[in-house]
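Structure first, commentary second.
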Amino acid sequence: MWDNHVHIENGPYTIEWLNEFIEVAKNRRLDGIGITEHAYRFKQTRDLIFTDGFRGEWIVQRQIEDIDEYIDLIEEAKRLGLPVKLGTEMDYIPEREKEIKDFLTDYHFDYVIGSIHWLGDFGIDLDAKYWDKKNIDDVYDEYYSTMFKLIKSGIADVIGHIDLVKIFGFRPKTDLADIYTSLAKEIKRAGISVEVSTAGLRKPVKEIYPSPEILKILKGEGVNLVLSSDAHDPQFVGYMFDEAESCIKEC
Ligand SMILES: [Zn+2]
Ligand SMILES: [Zn+2]
1476 MWDNHVHIEN GPYTIEWLNE FIEVAKNRRL DGIGITEHAY RFKQTRDLIF TDGFRGEWIV
1536 QRQIEDIDEY IDLIEEAKRL GLPVKLGTEM DYIPEREKEI KDFLTDYHFD YVIGSIHWLG
1596 DFGIDLDAKY WDKKNIDDVY DEYYSTMFKL IKSGIADVIG HIDLVKIFGF RPKTDLADIY
1656 TSLAKEIKRA GISVEVSTAG LRKPVKEIYP SPEILKILKG EGVNLVLSSD AHDPQFVGYM
1716 FDEAESCIKE C
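Residue numbers for the sequence shown follow the numbering used here, so the first one is 1476 and each next one is one higher.
Below, the structure is given as structure tokens:
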């Protein structure tokens, strides 16, 4: 069993720091961890995500890493026999699909998590205050129509936190069961996986991603699932995986 979604960005790109994550993984009886640094952190991804608006402003302060250092670290870890994979969590921005694909051709990852954190310049998971003037149903609509494009784009091996849009507990008035079923069918057809992420349990919504409702639909369509913590700190590697497993079984 692996934790397939781990960020080491809060520390240096060193074997010592990486080992802190691996230690926790071992203590929690995991076989390994997939390191999936946010692609936007790397200076080489400017064209993939930058805007003149708020998104650009937010990204510019955080786009400070060099991807070659990251890749060198994970390759070195593999040479040392450490149980890691080289992944990335890619922001899906529909109008930057070409730039994203070029980047993924230039750098070879073991796998790519495709995630939607941005709808234009609106960062859906940044702060509840940015939702103030939003129509919740419209946001859900845009989020899931973007999700269909992400699936179709072929950039993702795994869909990250498929219902991240619920993060602050804002729920749509309309029933989205039909949309979830179509999504599940498209995901199955595309041959990609969906992560069951315990990160949602640490967020205001206090619910696993995906919700039991979506999980049942995914299972019904035979979609492949992988386990993830989305840890940004060693203590959260494999966080509440027992809960995730029983949730999957119940669904
Ligand atoms: Zn994410
Ligand atoms: Zn993440």
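Note that the Cβ used here is the ideal one computed from N, Cα and C, for glycine as well.
Keep in mind that this is a model prediction, so the values were computed, not measured.
Enclosing alpha helix (DSSP H) for LYS1573 [first to last residue]: 1572 to 1581
Where the beta strand (DSSP E) through ASP1478 begins and ends: 1477 to 1481
CB of TYR1797 within 8 Å of CB of ILE1626, strictly: Nothing about residue 1797 can be read from this structure; the chain reaches only from 1476 to 1726.
Exposure label - THR1489; buried when at least 16 CB within 10 Å: exposed
Residues proximal to ligand 2 by C-beta, any heavy atom closer than 6 Å: HIS1480, HIS1482, GLU1564 and ASP1705
Helix, strand or coil at GLY1595 according to DSSP, with G and I counted as helix: coil
Sequence-distant residues of the same chain with beta carbon closer than 7 Å to GLU1551, five excluded per side: ILE1490
Ranges of the alpha helix (DSSP H) found wholly within the stretch 1523 to 1570, counting only runs of at least 4: 1529 to 1535 and 1542 to 1554
Whole-angstrom distance between GLY1629 and ILE1611, CA atom to CA atom: 28 Å
Same chain, Cβ closer than 7 Å to ALA1562, five either side skipped, listed in chain order: As written in the sequence, residue 1562 is Gly, which differs from the Ala given in the question. Taken in chain order, the residues that qualify are GLY1509, ILE1510, THR1511, PHE1584, ASP1585, TYR1586, VAL1587 and ILE1588.
Contact test: GLY1635 Cβ vs ligand 1 heavy atom, cutoff 7 Å: yes
Three-pair Cβ contact test at 8 Å for the stretch 1691 to 1700 versus the stretch 1664 to 1672: yes
Spatially closest choice to LEU1505 from LYS1724, ALA1719 and VAL1712, by CA coordinates: VAL1712
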